[in-house]
Amino acid sequence: MGDDNMGFFDFEHGKLMLNVTNKCNFYCAMCVPVRDKGRSTLTKKEAFNVADFAIGKKFHFVEVSGGEPFLVDYTVDLIEKLCYGNITFVQLITNGALITNRDIDRLKGLPNLHVTFSLHGTGDTHDRITTKKGAFEKADHNLRQMADSGVNVALNTVIQKSNYHSIYDIYTYFSDIPYEWHGLTPVEMHLPLEQSEIQIPPESVDEVEKAIIQIRESAEAKGKVVYLPEKMPSYENSNLSLQSKGKKYLHPGFMCSVPRRLLIVYNSGHILPCYHYNWRKYETVLDFRRYDSVESMIMGDDYMNMILKGTGPLGCPGCDTLCYVWDDDFRRKITEPSFMDTTISSTSEYLREEMIKRDPSLLYEIDGIHNINKLKGNRPVYIWGAGRGGILTKRLLKELNIAVSGFIDSDPDKNGIVVSDLTVSSPDLLDKLFNRENSENSPYVVIGSMSAGEIKKLLREKGFKDYKDFQVNERII
Ligand code: SF4
Ligand code: SF4
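Sequential numbering from 1076 applies to the sequence shown in the working numbering.
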């Protein structure tokens, strides 16, 4: 334990993402953190403990975000601490509406600070998306004031149903500000139920692409830096299907470098080494409030052993490549896999198969969805969970050539609506279809929801048996 483990980590080329709170003064339809159940904020002591760790380990990049960080009374103190602690790049992400003149006075002149404003439109468009009248006026004012004070500012705009028709105007409106960059990115394609309210209508994708070309040309002419999608994703072809070719992922997962460089600190007090692998199954290792300090958690043997397991031959099967392009090793493994990478990856595949032959239950641990074709037989498949997890599960099943008959969801508001071309039914439907005498004539259920624990209990109460009649998509929880 202790600094002996430091050779294992490479934080100097790494990133620390610090989510101080999931509280927000707005409620944007496309926002995932504000939809979490429950609200929590790190205490000042906890956040400063994380900052001390980041400074001590010489992290190159630290991002402070929320929810809305300016709802937290210590945010400016925290930013000062990080900036004066020699972090090379301190990024603060805000919706901009709560910033005061005093905050700006304190932030101006801080070394290495970059403040990113989330602004999704001008005037009423932004107000509608954030669901707060007057949100735009305040954020626009504070953005301009901050830029005038010499703070490095940037903007991020999520292109979605409410603003796709005006993205060129949005870009133009802000283009007089000396920002570092303006990013205009399409809303994630796999966001949950409200998707019909926020997704860009498929028939309008061409219109958006034209506007993007217009923005790119104008930015080049004016010398503005803009981040734009190369191509608009389509619902059918978004990143999940890019991730896998059959069962092979673009990144092998095995010996992945990201968990040794990344720390994601959540407002709940949990720390995860990357976004995509199911680290939550090591729940007790991840809660830093159980340790004396962040240092003792991260540099302790449990955390290191968890990463060794997760990036070992039976660990992560690989993930989406796009989030981790900042990690040179990650990128190299994808773009120019060396002989060793290919060998390691195929060895890993071989080891998995060998281990599974010896203990078939390991497949459950490894693959997310367990041996589904054999287990379901000819039974109709239903997905329990009509939110983001359910939609992802449907797409994963599609890749396995498995048709889905419908969604099940306990939320009465979803009963009868159509999500991703399938009708959502209440759990009562399963009672009607389940045959206790012979479950082989009953539906097979795949749970695609973060509330898998509760759903499993309900299914067992209805007579469904683990694996035989239902299973959890482990990639979701
Ligand atoms: S302002 Fe940001 S954190 Fe707040 S609801 Fe909107 S997207 Fe979420
Ligand atoms: S989920 Fe991605 S980043 Fe995380 S360990 Fe697996 S391959 Fe690496």
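Cβ coordinates follow ideal geometry from the N, Cα and C atoms, glycine included.
Review point. For S1224, is the beta carbon positioned less than 7 Å from some heavy atom of ligand 3?
Key: Inclusion of ligand 3 in the displayed structure is not the case, the ligand content consisting of ligand 1 and ligand 2 alone.
Check your understanding: Three or more C-beta pairs closer than 8 Å, one from the region 1191-1199 and one from the region 1083-1091: is that the case here?
Key -> As far as the Cβ criterion goes, the region 1191-1199 does not touch the region 1083-1091, which means the pair count is below three.
**Study point:** Sequence-distant residues of the same chain with beta carbon closer than 7 Å to P1253, five excluded per side
**Key:** In the sequence shown, counting from the first residue as 1, residue 1253 sits at position 178. Contacts found: A1222.
Review point. Excluding the five sequence neighbours on either side, which residues of its own chain have a C-beta within less than 7 Å of the C-beta of Q1220, listed in chain order?
Key: By 1-based counting over the sequence shown, the position of residue 1220 is 145. Answer for Q1220: I1179, listed in chain order.
Check your understanding: For the region 1470-1484 against the region 1492-1512, are there 3 or more C-beta pairs whose distance is under 8 Å?
Key -> Contact holds: three or more Cβ-Cβ distances are below 8 Å.
Practice item. Give a single yes or no on whether G1393 has its beta carbon closer than 7 Å to a heavy atom of ligand 2. Key: Working through the sequence shown from its first residue, we reach residue 1393 at position 318. Taking non-hydrogen atoms of ligand 2 into account, the C-beta of G1393 is found less than 7 Å away from one of them.
Exercise for review: Put D1544 into one of helix, strand or coil per three-state DSSP.
Suggested key: In the sequence shown, the residue the question calls residue 1544 occupies position 469. DSSP, reduced to helix, strand and coil, places D1544 outside both helices and strands of the structure shown, so it counts as coil.
Point to revise | Inter-residue spacing [alpha-carbon to alpha-carbon] between A1129 and V1137 | key: Within the sequence shown, residue 1129 is the residue found at index 54, counting from 1. Within the sequence shown, residue 1137 is the residue found at index 62, counting from 1. Taking C-alpha positions only, A1129 is separated from V1137 by approximately 8 Å.
Point to revise | I1483 - containing beta strand (DSSP E), residue span | key: By one-based count along the sequence shown, residue 1483 stands at place 408. Segment G1481 to I1483, the beta strand (DSSP E) holding I1483.
Check your understanding: When burial is assigned at 16 or more other CB atoms within 10 Å of the CB, is K1408 buried or exposed?
Key -> The residue you call residue 1408 lines up with position 333 of the sequence shown. Answer is buried; the Cβ neighbour count reaches 16.
**Study point:** Bridge partners - H1257, DSSP secondary structure assignment
**Key:** The count along the sequence shown starts at 1 and reaches residue 1257 at position 182. Under DSSP, the beta-bridge partners assigned to H1257 are L1230 and V1301.
Point to revise | Limits of the unbroken beta strand (DSSP E) element including T1191 | key: Numbered from its first residue, the sequence shown carries residue 1191 at position 116. L1188 to S1193 is the span of the beta strand (DSSP E), which, as asked, contains T1191.
Review point. Taking the runs of the beta strand (DSSP E) that are 3 residues or longer, which of them lie wholly in the region 1445-1478?
Key: For secondary structure counted as the beta strand (DSSP E) over 3 or more consecutive residues, the region 1445-1478 holds these complete runs in sequence order: 1456-1459.
Review point. Looking at C-alpha atoms only, which residue of V1301, Q1289 and K1384 is the closest neighbour of P1334?
Key: Translated into positions along the sequence shown, residue 1334 becomes position 259. The candidate whose alpha carbon is nearest that of P1334 is K1384.
Practice item. Measure the CB-CB distance between E1155 and R1177 and report whether it falls below 8 Å. Key: As a first step, residue 1155 must be located in the sequence shown, where it is residue number 80. As a first step, residue 1177 must be located in the sequence shown, where it is residue number 102. With contacts defined as CB atoms closer than 8 Å, E1155 and R1177 fail to qualify as a contacting pair.
Review point. Can you give, in chain order, each stretch of the beta strand (DSSP E) that sits fully within the region 1147-1207 and has at least 3 residues?
Key: With a minimum length of 3 residues, the continuous beta strand (DSSP E) runs that stay inside the region 1147-1207 are 1164-1169 and 1188-1193.
Check your understanding: CB G1142 to CB N1097, shorter than 8 Å?
Key -> Counting from 1 along the sequence shown, the entry for residue 1142 is found at position 67. Counting from 1 along the sequence shown, the entry for residue 1097 is found at position 22. Cβ distance < 8 Å, so G1142 and N1097 count as in contact.
Review point. Does the region 1209-1217 touch the region 1279-1287, meaning 3 or more C-beta pairs lie closer than 8 Å?
Key: These segments do not touch.
Review point. Applying the criterion that 16 or more other CB atoms from any shown protein chain within 10 Å of the CB defines a buried residue, is D1376 buried or exposed?
Key: Translated into the one-based positions of the sequence shown, residue 1376 becomes position 301. By the neighbour-count criterion, in which a residue is buried when 16 or more other Cβ atoms sit within 10 angstroms of its Cβ, D1376 is exposed.
Review point. At what residues does the alpha helix (DSSP H) containing L1218 begin and finish?
Key: Residue numbering aside, residue 1218 sits at position 143 when the sequence shown is read from its first letter. It spans A1210 to D1223 - the alpha helix (DSSP H) in which L1218 sits, taken as one unbroken run.
**Study point:** Nearest-angstrom beta carbon gap, S1485 and S1501 [assumed within contact, 8 Å]
**Key:** Within the sequence shown, the letter at position 426 stands for residue 1501. Within the sequence shown, the letter at position 410 stands for residue 1485. A Cβ-Cβ separation of about 7 Å places S1501 in contact with S1485 under the 8 Å criterion.
Check your understanding: Which residue's Cα is closest to the Cα of Y1243: K1208, T1169, E1292 and F1086?
Key -> Here residue 1243 corresponds to residue number 168 of the sequence shown, with the count starting at 1. Selected option, being the one with the closest Cα: E1292.
Point to revise | Proximity of D1362 and H1345 at Cβ, strictly below 8 Å | key: On the sequence shown, residue 1362 is found 287 positions in, with the first residue counted as 1. On the sequence shown, residue 1345 is found 270 positions in, with the first residue counted as 1. Yes, the pair counts as a contact, with Cβ atoms nearer than the cut-off.
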